[in-house]
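Sequence lines, in order, name chains A and B.
For the first sequence, position 224 matches number 305 in the working numbering, and the numbering has no gaps at all.
For the second sequence, position 50 matches number 131 in the working numbering, and the numbering has no gaps at all.
The beta carbon of each residue, even a glycine, is placed where N, CA and C say it ideally should be.
Everything below concerns the one structure shown next.
There are 2 protein chains.
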Amino acid sequence: MKDHPLILITNDDSVKAPGIRALINYIRPFGKVVVVAPDRPQSGTAHGVTIAHPLRLDLISKEDGYEEYSCNGTPADCVKLAFKIVMKRRPDFLFSGINHGSNASINIIYSGTMAAVLEGALAGVPSVGFSLNNYSQHASFAPSEKFVKTIASEVIANGLPVGVCLNVNIPDVPEPEIRGIRVCRQAQGTWKEDFDEREDPHGREYYWMKGVYAQIGNGEDTDQWAMENNWVAVVPVQFDFTAHNEIENLRKRF
Amino acid sequence: MKDHPLILITNDDSVKAPGIRALINYIRPFGKVVVVAPDRPQSGTAHGVTIAHPLRLDLISKEDGYEEYSCNGTPADCVKLAFKIVMKRRPDFLFSGINHGSNASINIIYSGTMAAVLEGALAGVPSVGFSLNNYSQHASFAPSEKFVKTIASEVIANGLPVGVCLNVNIPDVPEPEIRGIRVCRQAQGTWKEDFDEREDPHGREYYWMKGVYAQIGNGEDTDQWAMENNWVAVVPVQFDFTAHNEIENLRKRF
Numbered sequence: 082m083k084d085h086p087l088i089l090i091t092n093d094d095s096v097k098a099p100g101i102r103a104l105i106n107y108i109r110p111f112g113k114v115v116v117v118a119p120d121r122p123q124s125g126t127a128h129g130v131t132i133a134h135p136l137r138l139d140l141i142s143k144e145d146g147y148e149e150y151s152c153n154g155t156p157a158d159c160v161k162l163a164f165k166i167v168m169k170r171r172p173d174f175l176f177s178g179i180n181h182g183s184n185a186s187i188n189i190i191y192s193g194t195m196a197a198v199l200e201g202a203l204a205g206v207p208s209v210g211f212s213l214n215n216y217s218q219h220a221s222f223a224p225s226e227k228f229v230k231t232i233a234s235e236v237i238a239n240g241l242p243v244g245v246c247l248n249v250n251i252p253d254v255p256e257p258e259i260r261g262i263r264v265c266r267q268a269q270g271t272w273k274e275d276f277d278e279r280e281d282p283h284g285r286e287y288y289w290m291k292g293v294y295a296q297i298g299n300g301e302d303t304d305q306w307a308m309e310n311n312w313v314a315v316v317p318v319q320f321d322f323t324a325h326n327e328i329e330n331l332r333k334r335f
Numbered sequence: 082m083k084d085h086p087l088i089l090i091t092n093d094d095s096v097k098a099p100g101i102r103a104l105i106n107y108i109r110p111f112g113k114v115v116v117v118a119p120d121r122p123q124s125g126t127a128h129g130v131t132i133a134h135p136l137r138l139d140l141i142s143k144e145d146g147y148e149e150y151s152c153n154g155t156p157a158d159c160v161k162l163a164f165k166i167v168m169k170r171r172p173d174f175l176f177s178g179i180n181h182g183s184n185a186s187i188n189i190i191y192s193g194t195m196a197a198v199l200e201g202a203l204a205g206v207p208s209v210g211f212s213l214n215n216y217s218q219h220a221s222f223a224p225s226e227k228f229v230k231t232i233a234s235e236v237i238a239n240g241l242p243v244g245v246c247l248n249v250n251i252p253d254v255p256e257p258e259i260r261g262i263r264v265c266r267q268a269q270g271t272w273k274e275d276f277d278e279r280e281d282p283h284g285r286e287y288y289w290m291k292g293v294y295a296q297i298g299n300g301e302d303t304d305q306w307a308m309e310n311n312w313v314a315v316v317p318v319q320f321d322f323t324a325h326n327e328i329e330n331l332r333k334r335f
């Protein structure tokens, strides 16, 4: 294990969220920790970056082996600013979360927490995102502690393949009911959106998004199945969108 | 070819961008066209969705076989609202763009134009994103016309495999210099960000993102190579982030 590594922590629920406070507590014993996280909730910002507005960094606290900043940008902005401005180098490891709500299955595509993790992997930094299957601001993160520490210490000891990061989803049950860690593939699933149609006080219509998650298939090798069956689901994630199996077929068409 | 299909058009540069005006002109002859696009530029919003604010739709024009709306949300919001509120059903096809600027290689992860396309594919709609390798608002889209029409008519005739969409990147050269259409994989690449560090009139620091694209490898089977060598690059895209090759190795670790 690298001695006293430099570790970046971020999330998308804002620097004030209980999930990131729990993660900071669990990770601080492993090395020098720098936190750069959004100053307000950024759920659903996905891999957005801010190019049309200036970004701000605010120092929240600084002590021996620990620095904490908030930023007015997205999680991906936080990672880029942390590398270039705050740390002036890439950290040794990046941990993101603990997200309030699942990032299993299709949720990864909308997730700012996992965008930060992918941003780390794109820069060659071993990176892990942690999410708890409970959207509430009052969720209990205590059952996560043992598993977050196990996974973080393993990654700090042995690294990750270049370009590969981890998406970790933790079931929302008491620790004794968690069956262990299970390496999985991303489940196929989709959100069945609906919109509340409302009228504002001036008579104009507006729409508010809501939706329910719909599983497509339910293989026992998927993250969604694992999490629903009280396993901590770990998916190795990479950022190649190519549907390699389709290339030859398409070459016959174009 | 399906007779008079229902086609959704969107983008991320806003409903006013020359790129979407060109795409609308090229696609209208193929069927009934509905446009739902952002009311202002949304480049870099990636797969962001709006859950903390209400969404608005404004009818811009409506005539026989054509409707156009602007929306205050992201490209992914536009697609979801189009399906549920405007069309009350999934369209037969979705076309997005023509983006002002390349979405080859890593750019796809930041792209609102391609997020809209993935949103279509997630819902089972054959979907294609078109991008021109020129960021200027004054770019010439005329050389794109022949290739956009060729690809759109082929997809309208023969569909796409479920869950697979196309990322089409068009070189910024006169039409006679374009060598044809080439099916590719997504190039590996990254953005080397930097930040302008500035001071506002009140003495507070701020940061403005800038960056240059850096290629990792340069295979002739990649979209980046194809586009730079005057081919129209077509990548079949899917939304499984799993690094399948790493699952077995990780199972030995956890």
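As assigned by DSSP and simplified to three states, the class of residue i
i              : result
S151 (chain B) : strand
P317 (chain A) : strand
F276 (chain A) : strand
S186 (chain B) : helix
V130 (chain B) : coil
G193 (chain A) : helix
K165 (chain B) : helix
Residues near residue i by beta carbon distance below 8 Å, same chain, minus five either side
i              : result
C152 (chain A) : V117, A118, P119, D120, L136, R137, L138, D139, D158, C159, L162
K113 (chain A) : H85, P86, L87, I88, G146, Y147
P99 (chain A)  : H181, Q218, H219, A220, F222
G205 (chain B) : R171, V243, G244
N184 (chain A) : S192, T194, M195, G210, S212, N248, N250
M308 (chain B) : S183, A185, N214, N250, I251, P252, A314
Residue i: first and last residue of the uninterrupted alpha helix (DSSP H) it sits in
i              : result
P156 (chain B) : 156-162
A63 (chain A)  : Absent from the structure is residue 63 (chain A), since the part of chain A shown begins at 82 and ends at 335.
R332 (chain A) : 328-334
L105 (chain B) : According to the sequence displayed, residue 105 (chain B) carries Ile and not Leu. Looking at the DSSP string, the run of the alpha helix (DSSP H) that includes I105 (chain B) is 99-108.
Cutoff 6 Å; reference residue i; Cβ partners in own chain excluding five residues on either side
i              : result
S124 (chain A) : D93
G154 (chain A) : T131, L136
V198 (chain A) : S177, S208, G210, C246
E256 (chain A) : P224
Y107 (chain B) : E226, V229, K230
Beta-carbon proximity list for residue i, same chain, < 7 Å, skipping 5 on both sides
i              : result
D253 (chain B) : L213, N214, N215, A220
Y191 (chain A) : G125, A127
Partner residues on chain B for residue i, Cβ-Cβ distance less than 8 Å
i              : result
I189 (chain A) : F322
N239 (chain A) : R334
Y288 (chain A) : P135, L136, R137, L138, L162, I166
E301 (chain A) : Here the premise fails: no neighbours, minimum Cβ distance about 13 Å.
T271 (chain A) : L203, A204
Within chain A, the residues that residue i reaches when beta carbons sit closer than 9 Å
i              : result
H85 (chain B)  : Chain A residues near H85 (chain B): none, gap ~23 Å exceeds 9 Å.
L199 (chain B) : I190, F322
E235 (chain B) : R334, F335
Under 8 Å by beta carbon: chain A residues contacting residue i
i              : result
F276 (chain B) : L136, K161, L162, K165, I166
V318 (chain B) : F322, T323, A324
E149 (chain B) : The contacting residues do not exist; E149 (chain B) stays about 17 Å from chain A at best.
V315 (chain B) : L331, F335
Q267 (chain B) : D321, F322, T323
N-terminal and C-terminal residue of the beta strand (DSSP E) that residue i is part of
i              : result
N299 (chain A) : No beta strand (DSSP E) holds N299 (chain A); DSSP gives it neither H nor E.
N248 (chain B) : 246-251
V352 (chain B) : Nothing about residue 352 (chain B) can be reported from this structure: the residues present for chain B run from 82 to 335 only.
H181 (chain B) : 174-181
E144 (chain A) : 138-144
T323 (chain B) : Segment: none, T323 (chain B) is in no beta strand (DSSP E) and carries neither H nor E.
I90 (chain A)  : 87-91
R263 (chain A) : 262-264
Proximal residues of chain B, C-beta to C-beta of residue i below 7 Å
i              : result
V245 (chain A) : A324, E327
F242 (chain A) : Checking the sequence, you will find Pro at residue 242 (chain A) rather than Phe. Going along chain B in sequence order, the residues near P242 (chain A) (Cβ under 7 Å) are E327.
S124 (chain A) : I132
Where residue i meets chain A, residues with beta-carbon distance less than 7 Å
i              : result
G129 (chain B) : G125, T126, A127, G129
I262 (chain B) : F335
E226 (chain B) : In chain order: nothing, as chain A lies at least about 17 Å away.
Chain B residues whose Cβ lies nearer than 9 Å to that of residue i
i              : result
R171 (chain A) : Per Cβ cutoff of 9 Å: no residues; R171 (chain A) is ~12 Å from chain B at best.
Uninterrupted alpha helix (DSSP H) stretches inside the segment 195-243 of chain A (no shorter than 4 residues): 226-239
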